[in-house]
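Asks: Before anything else, here's the structure in question.
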Amino acid sequence: MINVLFSARAAQWPVYRTPLESAFDRKGLDVNLIDHTDAPETIDYLVYAPARDDDDLSVYTNLKLIQSLWAGPDRLLKNKTLTQPMARMVDPGMTQGMVDYVFGHIMRHHLEVDRFANAKPGEWLMDWAPPLPADRTVAILGIGALGMACARVAHDYGFKVIGWSRTQKEGTPFACYAGEDGLKNTLAKADIIVTLLPNTPATEGLINADTIAQMKDGAAIINPGRGQLIDDDALLAALDKGKISGATLDVFHTEPLPEQHPYWHHPNVLVTPHVASETRAVTAADVVAENIARVEQGQEALYLIDPALKY
Ligand code: NAP
């Protein structure tokens, strides 16, 4: 019998319980799935989306894996009691949701919808038609589980796509770059820049005055990655000057974004409240079951977070 503890907000237990039980059955796993315990030393796996940041994880002395329900590992890695291996969530349902969000907002910037949304009554802006997708370059910073899916959809639709990541990607149907020079190259060409990077010491403040200066005049930014990727003062200054034509921002240094924050009040910024995508119980349950099965068979879990790289 495998003991699996589901540790998340109370409201999530009824959402996840049946999908997890069904997924364990499909995998032939003999699981005792519980949502609380007085014997943490008996727990083999933690399915985890903590309601609080200061859980004492040291009480789970025999844990084989923490399977996070979140894609972003940054909050979890702040827990000083974390010593066990942890896998981030890569969920087809979440990926589909992120593709929807990113592609929808790429199209919004591509069609320059705000040009018309902000027009005065009677302002008949008929002397402008959007360029075709082949005339627009979309850069995706972060070609991981989510960025790769978004890049493929944008490419298949007909945009010129450039991917950028820490390690060089090969075999993609679009150009990919890595490293500092690669970033310069990417930013210089892009009309629409999507940031789907994790929040790590290496990515913090990546979009700053220097990197914005490397961008094309009038580029647009879509950030569903993490607020920490952006130096807000630098982005606001660039928006004020028109260097950046618009931004769709889903994630922020402080969430909820305070009412007085200039992003709320900027005509060229669309704020969405960290809703780009979320883990879907039914599809994520299969990922949890697959990872538990792998570890039970002595294989390495999928999507392990590297404590050194912080993602
Ligand atoms: P992932 O699979 O780990 O991919 C991360 C990508 O970022 C990889 O391509 C990685 O490069 C690249 N990267 C990491 N550090 C880098 C660096 N220093 N320089 C250049 N590239 C770097 O993560 P994911 O599942 O795609 O998720 C990405 C992020 O999206 C999450 O961490 C989370 O912050 C965010 N997210 C937001 C929402 C929302 O609702 N707003 C929902 C889900 C996720 P390599 O490929 O070389 O490793």
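In our numbering, the protein residues as written are -10 to 300. From the three backbone atoms N, C-alpha and C, an ideal C-beta is built for every residue, glycine too.
1) If you drop the 5 nearest sequence neighbours on each side, which residues of the same chain put their C-beta closer than 6 Å to that of Tyr37?
2) Cβ of Cys139 within 8 Å of Cβ of Ile151?
3) Just checking, does the stretch 267 to 280 make contact with the stretch -9 to 8 on the three C-beta pairs under 8 Å criterion?
4) What do you get for Leu186, buried or exposed, if any count of 16 or more other CB atoms within 10 angstroms of its CB means buried?
5) Here's the rule I'm using: 16 or more other beta-carbon atoms within 10 Å means buried, otherwise exposed. How should Pro39 be labelled?
6) Check whether the Cβ atoms of His255 and Leu225 lie closer than 8 Å to each other.
7) Which one or two residues does DSSP pair with Gly152 in a beta bridge?
8) Classify Thr261 as helix, strand or coil using the three-state DSSP reduction.
9) Is the separation between the beta-carbon of Gly18 and that of Ile32 shorter than 8 Å?
10) So Asp201 and Ala236 are supposed to be a Cβ contact under 8 Å. How far apart are they, rounded?
11) Could you tell me the distance, in whole angstroms, from the CA atom of Asn280 to the CA atom of Arg141?
12) Below 7 Å CB to CB, which residues in the same chain sit around Val240 once its five sequence neighbours on both sides are set aside?
13) With hydrogens ignored, establish whether the beta-carbon of His263 is closer than 7 Å to any heavy atom of ligand 1.
14) What do you reckon, is the C-beta of Glu267 under 7 Å from a heavy atom of ligand 1?
15) Run through DSSP, which three-state label would Phe(-5) get?
16) Quick check on this structure: which residue in Glu248, Ala76, Arg15 and Phe163 has the alpha carbon closest to the alpha carbon of Ala290?
17) For ligand 1, any of its heavy atoms closer than 7 Å to the Cβ of Gly61?
18) Please name the residue in Asp27, Ile23 and Lys69 whose C-alpha comes closest to that of Tyr34.
19) Following a CB-centred definition, is Thr296 positioned closer than 7 Å to any heavy atom of ligand 1?
20) Under a Cβ-count criterion, where at least 16 other Cβ atoms within 10 Å of its own Cβ denotes burial, should Leu100 be classed as buried or exposed?
Replies: Looking at the coordinates:
1) Ser(-4), Ile55 and Ser57
2) no
3) yes
4) buried
5) buried
6) yes
7) Ile129 and Cys165
8) coil
9) The question names Gly, yet the displayed sequence has Leu at residue 18. No; because the gap between Cβ atoms is not below 8 Å, this pair is not in contact.
10) What sits at residue 201 in the sequence shown is Ile, not Asp. Between Ala236 and Ile201 the Cβ distance is about 11 Å, and since that is not below 8 Å, they are no contact.
11) 26 Å
12) Asn212, Pro213, Gly214, Arg215, Gly216 and His263
13) yes
14) yes
15) strand
16) Ala76
17) yes
18) Ile23
19) A small fix is needed here, since residue 296 is Pro in this sequence, not Thr. It does not: the Cβ of Pro296 is nowhere closer than 7 Å to a heavy atom of ligand 1.
20) exposed
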